[in-house]
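Residue numbers (my numbering), protein chains in the order written: chain A, 689 to 962; chain B, 725 to 995.
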């Protein structure tokens, strides 16, 4: 396939992204909900951890100081917004309603259309909800100022994190082929993934075995990796490259896994006519 | 209404609640998998919350004047009013999200029972609530045992009432925000956002900024559902306790007013 046909092929997916963006901007109350949820979560985390690091002038547990831990928990929630792409909800919904049949007869790849529809949701959430929350806290509390290199590494790492989050959510959505009560599974996913990603407690503060397990799993790539790169919690350029490589490897492995799961799911799909 | 009439009405609604709860339990046994996934999801959520608290207390021994067991007690206690409230008022979510918008709300107005009761009875004994209550009791019990909590007779008598008041407060907040849908057709985002703020209730209020503490005490009084009762039971603090019945009654009155005004305003779609 030449570059030109490749581009033309990709252009077929733009309507999905545009459509999802339009839906998102039409239902503006979602932003209010997301803003309150994010602000609540951030405040809880910030107050809780600042009480832990109370009076620590130098670096405390896990190598964080007060400004460092505040920056960590604040940005962890913003990354959480980046991962809230609603793919699990929408895929399982389509399966339950049987709408998936229509999606199957379109001459495009279903996982790719879902990805293209999920990206605007993530980015708009980060821009319209995450941005104000960060500004609010930057005005209220001292934060750690990252370097230019940290920001660049963080951006690259966050993009990989976005892909991993999409794949996790797609897999959860596909569980809709196996069970109709996807709601309970999503709740379990939400809290277990947030925990193992280091979104509620930094992995470096977890007890040894749990931290070891969390670092091995793909979820660490969602929050822990980007924030370690941003805050400079690594030794030397090699270690930074190692973090990115680990994330990239998991992105590749998860892509294969979702492709496989999708093929198996399609084979067992059954839609009642009507 | 005479005293006898009131007693008869109360007896009738008690009987109806009993009967309709039985109907709900039948539904539970019918959809066992849903129940298990719902309860399991809830357990996982509380489990994660407990892990977070445990990890926080690995770093320090006291936060905001509360130690590990006391925070566990508070967390467990906060689940009790929430579970009790969820047992009976889960249908409010459906009202906020759908019933006014779809026009289906009229169904509750044409039955010979109080519309609020009819509405709520549709989801009595919601399964997730059992998980919440059971975990809440388990955690509270464990924490009380671990810190060798000895309650005075007065505290023992008041404890169930404190849970009940907490449940009334939560139910009133839910009713208030769900009733907004009579004006806005869909008040789900508002209800959800108000519910999210309830997450603050599971931790000591001493951690928070004074303005946030004030908000959680006097505007959306989640403080009275867990923090105030737990500080009374654990530390014997009674500073805010006298306000508890006042806040409960005022909030319930406000919620019922909003509900009645909303129902009066409601117009059928005519289709």
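The beta-carbon is built from N, C-alpha and C at its ideal position, and this holds for glycine as well.
With a Cβ-Cβ cutoff of 9 angstroms, do residue i and residue j count as a contact?
| i | j | result |
| --- | --- | --- |
| residue 822 (chain A) | residue 858 (chain A) | no |
| residue 776 (chain A) | residue 860 (chain A) | yes |
| residue 933 (chain A) | residue 917 (chain A) | no |
| residue 992 (chain B) | residue 894 (chain A) | no |
| residue 801 (chain A) | residue 704 (chain A) | yes |
| residue 924 (chain B) | residue 911 (chain B) | no |
| residue 914 (chain A) | residue 767 (chain A) | yes |
| residue 840 (chain B) | residue 908 (chain B) | no |
| residue 926 (chain B) | residue 773 (chain B) | yes |
| residue 734 (chain A) | residue 758 (chain A) | yes |
| residue 695 (chain A) | residue 954 (chain A) | no |
Output, in chain order, the set of chain B residues within a Cβ distance shorter than 7 angstroms of residue i.
| i | result |
| --- | --- |
| residue 717 (chain A) | 913 |
| residue 872 (chain A) | 761, 762, 764, 765 |
| residue 749 (chain A) | 783 |
| residue 865 (chain A) | Going along chain B, no residue has its Cβ under 7 angstroms from residue 865 (chain A), so there is no contact; the nearest lies around 15 angstroms. |
| residue 764 (chain A) | Simply none; closest approach about 13 angstroms. |
| residue 889 (chain A) | 776, 779 |
Return the first residue and the last residue of the alpha helix (DSSP H) that residue i is part of.
| i | result |
| --- | --- |
| residue 834 (chain A) | Here residue 834 (chain A) belongs to no alpha helix (DSSP H), and DSSP marks it neither H nor E. |
| residue 876 (chain A) | 870-885 |
| residue 710 (chain A) | 702-714 |
| residue 965 (chain A) | There is simply no residue 965 (chain A) to check, as chain A begins at 689 and stops at 962 in what is shown. |
| residue 813 (chain B) | 792-813 |
| residue 722 (chain A) | 717-740 |
| residue 914 (chain A) | 912-919 |
| residue 757 (chain B) | 756-783 |
| residue 880 (chain B) | 877-903 |
| residue 803 (chain A) | 798-813 |
| residue 793 (chain A) | 788-793 |
| residue 776 (chain A) | 775-785 |
| residue 827 (chain B) | Note, residue 827 (chain B): premise wrong, no alpha helix (DSSP H); not H, not E. |
| residue 919 (chain B) | 912-921 |
| residue 842 (chain B) | 839-845 |
| residue 869 (chain B) | 851-870 |
Report the neighbours of residue i on chain A: residues whose CB is nearer than 8 angstroms to its CB, in chain order.
| i | result |
| --- | --- |
| residue 794 (chain B) | Result: empty, since nearest Cβ-Cβ is about 14 angstroms, beyond 8 angstroms. |
| residue 924 (chain B) | 728, 731, 732 |
Return the Cβ separation of residue i and residue j in integer angstroms, given the expectation that the two are a contact with Cβ distance under 8 angstroms.
| i | j | result |
| --- | --- | --- |
| residue 807 (chain B) | residue 857 (chain B) | 3 angstroms |
| residue 847 (chain A) | residue 814 (chain A) | Between residue 814 (chain A) and residue 847 (chain A) the Cβ distance is about 12 angstroms, and since that is not below 8 angstroms, they are no contact. |
| residue 949 (chain B) | residue 893 (chain B) | 5 angstroms |
| residue 709 (chain A) | residue 799 (chain A) | Going by Cβ atoms, the distance from residue 709 (chain A) to residue 799 (chain A) rounds to 19 angstroms, so no, they are not a contact pair. |
| residue 914 (chain B) | residue 813 (chain B) | Actually they are not in contact, since the Cβ atoms of residue 914 (chain B) and residue 813 (chain B) sit about 16 angstroms apart, beyond 8 angstroms. |
| residue 953 (chain B) | residue 890 (chain B) | 7 angstroms |
| residue 859 (chain B) | residue 803 (chain B) | 6 angstroms |
| residue 919 (chain A) | residue 756 (chain A) | 6 angstroms |
| residue 982 (chain B) | residue 903 (chain B) | 4 angstroms |
Given that residue i touches chain B, what residues does it touch there, using C-beta distances under 8 angstroms?
| i | result |
| --- | --- |
| residue 894 (chain A) | 779 |
| residue 875 (chain A) | 765, 766, 768, 769 |
What residues from chain A crowd round residue i, counting only those whose CB sits closer than 7 angstroms?
| i | result |
| --- | --- |
| residue 814 (chain B) | Near residue 814 (chain B) there are no residues of chain A at all, since even the closest Cβ is about 13 angstroms away, more than 7 angstroms. |
| residue 920 (chain B) | 724, 725, 728 |
| residue 775 (chain B) | 883 |
| residue 954 (chain B) | The contacting residues do not exist; residue 954 (chain B) stays about 17 angstroms from chain A at best. |
Would you mind telling me which residues of chain A sit closer than 9 angstroms to residue i, beta carbon to beta carbon, in chain order?
| i | result |
| --- | --- |
| residue 936 (chain B) | 731, 735 |
Just to make sure I have the definition right: I need the residues of chain B whose C-beta is within less than 9 angstroms of the C-beta of residue i. Which are they?
| i | result |
| --- | --- |
| residue 804 (chain A) | Those do not exist, as residue 804 (chain A) stays about 26 angstroms from chain B at its closest Cβ, beyond 9 angstroms. |
Quick check: the region 727-747 of chain A against the region 771-786 of chain A, are there 3 or more CB pairs under 8 angstroms? no
Can you pull out the residues from the region 861-894 of chain B whose beta carbon lies closer than 8 angstroms to at least one beta carbon of chain C? You won't find chain C in this structure, because its protein chains are A and B.
Could you say if the region 832-844 of chain B and the region 918-930 of chain B meet the contact criterion of at least three C-beta pairs nearer than 8 angstroms? no
Within the chosen definition, does the region 760-768 of chain B reach the region 719-731 of chain A through at least 3 CB pairs nearer than 8 angstroms? no
Closer than 8 angstroms is the cut-off here; do at least three beta carbon pairs connect the region 776-790 of chain B with the region 888-903 of chain A? yes
Flag this pair as touching only if the region 877-888 of chain A and the region 735-750 of chain B have three or more C-beta atom pairs under 8 angstroms; answer yes or no. no
Could you tell me whether the region 863-877 of chain B touches the region 790-797 of chain B, where touching means 3 or more Cβ pairs closer than 8 angstroms? yes
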